[in-house]
Amino acid sequence: MLANFYILRSNERLINALSQSHYIDFRGAIREFLSSIILTENQKEKTRHFLSENFQIPHKYALEIFLSSIEGIISLWIAGGAQEEPEEITDIILSTYNYEHWSYESKED
185 MLANFYILRS NERLINALSQ SHYIDFRGAI REFLSSIILT ENQKEKTRHF
235 LSENFQIPHK YALEIFLSSI EGIISLWIAG GAQEEPEEIT DIILSTYNYE
285 HWSYESKED
């Protein structure tokens, strides 16, 4: 995650311009990227466990809240000129939920 924030920050002016374009769904692109990581076959069960431990609501709503909150942090960071260090953004994201639940090993593992 940290490496991705360094890439975004080093290209902040371009990313900021793209984020304001009417032709690109920037927020959707962030959500799509996050989904592509957390919903892979080898992460799907861990993601389900993480969401069930952090939210007491149905899975689809928990996933929506999770993706929206992380996307919101990243979008706000980009819109603000990526002023905070990538480590600080990573720390902010890691303080939003109990990520220890992501290390869950299913009984099939």
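Quick note on numbering: the sequence shown equals residues 185 to 293 in my numbering. Every residue gets a Cβ at the ideal spot worked out from N, C-alpha and C, and that includes glycine.
C-beta contact flag for GLU196 and GLY256 at 9 Å: Taking the first residue of the sequence shown as position 1, residue 196 is located at position 12. Taking the first residue of the sequence shown as position 1, residue 256 is located at position 72. Going by C-beta atoms, GLU196 is not nearer than 9 Å to GLY256.
On a Cα-Cα basis, can you pick out the residue from PHE250, ILE249, ALA263 and ASN238 that is closest to GLU284? Within the sequence shown, residue 284 is the residue found at index 100, counting from 1. It is ASN238 whose Cα lies nearest to the Cα of GLU284.
TYR283 (DSSP reduced to helix, strand or coil): Locating residue 283 in the sequence shown gives position 99, counting from the first residue. In the three-state reduction of the DSSP assignment, TYR283 falls in the helix class, which pools H, G and I.
Per-residue DSSP class, three states only, for ALA213: One-based indexing of the sequence shown puts residue 213 at position 29. DSSP, reduced to helix, strand and coil, places ALA213 within a helical segment of the structure shown.
Is GLY212 near the ligand MN, going by C-beta to nearest heavy atom under 8 Å? With respect to the ligand MN, the structure offers nothing, as it holds no ligand at all.
On the three-state DSSP scale, how would you describe PRO136? Within the shown structure, residues of the chain are numbered from 185 to 293, placing residue 136 beyond reach of any answer.
6 Å CB neighbourhood of SER273 in its chain, flanking five on each side removed: As a working mapping, residue 273 is identified with position 89 in the sequence shown. Residue identity check: residue 273 is Ile in the sequence provided, not Ser. Same-chain partners within the cutoff: PHE189 and TRP261.
Using beta-carbon positions only, say whether ARG211 and SER259 come within less than 9 Å of one another. Residue mapping note: residue 211 aligns to position 27 of the sequence shown, counting from 1. Residue mapping note: residue 259 aligns to position 75 of the sequence shown, counting from 1. Cβ atoms of ARG211 and SER259: closer than 9 Å.
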